[in-house]
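A short worksheet on the structure shown next.
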Amino acid sequence: MAETSKKAVPPYATYQSFFNFINGLREHGTPKHITRSMLPGSNSGKASMSATLSVLGLVNAKDEPTDKMRQLTDSETNYGEKLKEILQSSYPFFQDGSLDLSDTTTDKVVEKFKELGAGGSTITKCMAFLLAAAKDANIPVSRYVKTPPPPTKGNGKKKISRASVVEEEEEEEGLPPPPTDKERIVVSVHGMDDWEIYVPKGLTPAQWKHGLKMANFILSNYRLADDDPAPTGGAT
């Protein structure tokens, strides 16, 4: 399963896929070998997960889990603390102190990813993985560091939509594709997972206005209801 390359491209699997895989090992145990057949997702998903495990030092060239992997998947281990150790020992800019995530910008992190051999939409995936992992590992991140949009394709006239990257990530995780009669709107919110909204295609301006009004009303009341204290005692 292990792959070698001239440059160790930073982890670019979807973090949720990585987390689910590790969590599964914590629950059911870690086998003596970790091969592609047990990795989640399609062929591209398995490839990115394989590379991610290798770069993080969790699997060696013989497809064997390393001590780091054994410790991370030990149910008695604090996942966040161990993940922090692994991240800090896997990213060169953490090791040499050349970049502090708590005091930098998106562009500077992208520069580091490029130095490590990442390019194109892979940079977007690298950043998404790092920020999600940093959150679980309690690594402070500057408010000025966010996942960059995917780059333009070819001569720049045709853009690779962020939705296409999300769809590719869903394919890697084995999730069902979005409805074909709906349009997906992805709302990036710093410090949390993206929000995803589906709306019917071909709405008129009047329908959009009415839909936004109703959505605002429903979401506002949903949050207010969620914030209400839980009832105590039996029903009367």
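The working numbering puts the first residue of the sequence shown at 6, with every later residue one more than the last. Beta carbons: idealized from backbone N, C-alpha and C, even for Gly.
{"query": "Secondary structure, alpha helix (DSSP H): runs of 4+ residues fully inside the segment 92 to 155", "result": "97 to 100, 111 to 120 and 126 to 141"}
{"query": "Bridge-paired residues (DSSP) for I190", "result": "I202"}
{"query": "Counterpart residues of P70 in DSSP-defined beta bridges", "result": "V64"}
{"query": "Nearest-angstrom beta carbon gap, S22 and G50 [assumed within contact, 8 Å]", "result": "7 Å"}
{"query": "Spatial neighbours of D231 in its chain, beta-carbon cut-off 6 Å, leaving aside the 5 residues before and after", "result": "Any reading at D231 needs caution, since the residue's pLDDT is 48, under 50, leaving its predicted position unreliable; the model's value is listed next. Once the five neighbours on either side are set aside, D231 has no close Cβ partner at all."}
{"query": "Helix, strand or coil at I27 [DSSP, three-state]", "result": "helix"}
{"query": "Reduced DSSP secondary structure (H/G/I, E/B, other) of Y17", "result": "coil"}
{"query": "M219 classed as buried or exposed, judged by whether at least 16 other C-beta atoms fall within 10 angstroms", "result": "exposed"}
{"query": "CA-to-CA distance, S103 to E177, given in whole angstroms", "result": "Only weak support is given to the placement of E177: the predicted model assigns it a pLDDT of 47, under 50, and the question is left unresolved by the model."}
{"query": "Inter-residue CB distance, I91 and L77 (contact presumed, cutoff 8 Å)", "result": "7 Å"}
{"query": "Proximal residues to L135 (C-beta, below 6 Å), its chain only, five neighbours per side dropped", "result": "none"}
{"query": "Segments of 3+ residues assigned as beta strand (DSSP E) that fall wholly inside the segment 27 to 53", "result": "none"}
{"query": "Same chain only: Cβ atoms within 8 Å of T109, ignoring 5 sequence neighbours per side", "result": "S147, Y149 and V150"}
{"query": "Inter-residue CB distance, L88 and A138 (contact presumed, cutoff 8 Å)", "result": "6 Å"}
{"query": "At least three beta-carbon pairs within less than 8 Å, the segment 113 to 121 to the segment 39 to 49", "result": "no"}
{"query": "Simplified DSSP assignment, three categories, for G207", "result": "coil"}
{"query": "Neighbourhood of C131 by C-beta distance below 8 Å, restricted to the same chain and skipping five residues each side", "result": "V14, P15, P16, Y17, F118 and A123"}
{"query": "Test item: CB-CB of T127 and P155 under 7 Å", "result": "no"}
{"query": "Exposure label - P145; buried when at least 16 CB within 10 Å", "result": "exposed"}
{"query": "Alpha-carbon spacing of Y20 relative to G216, whole angstroms", "result": "32 Å"}
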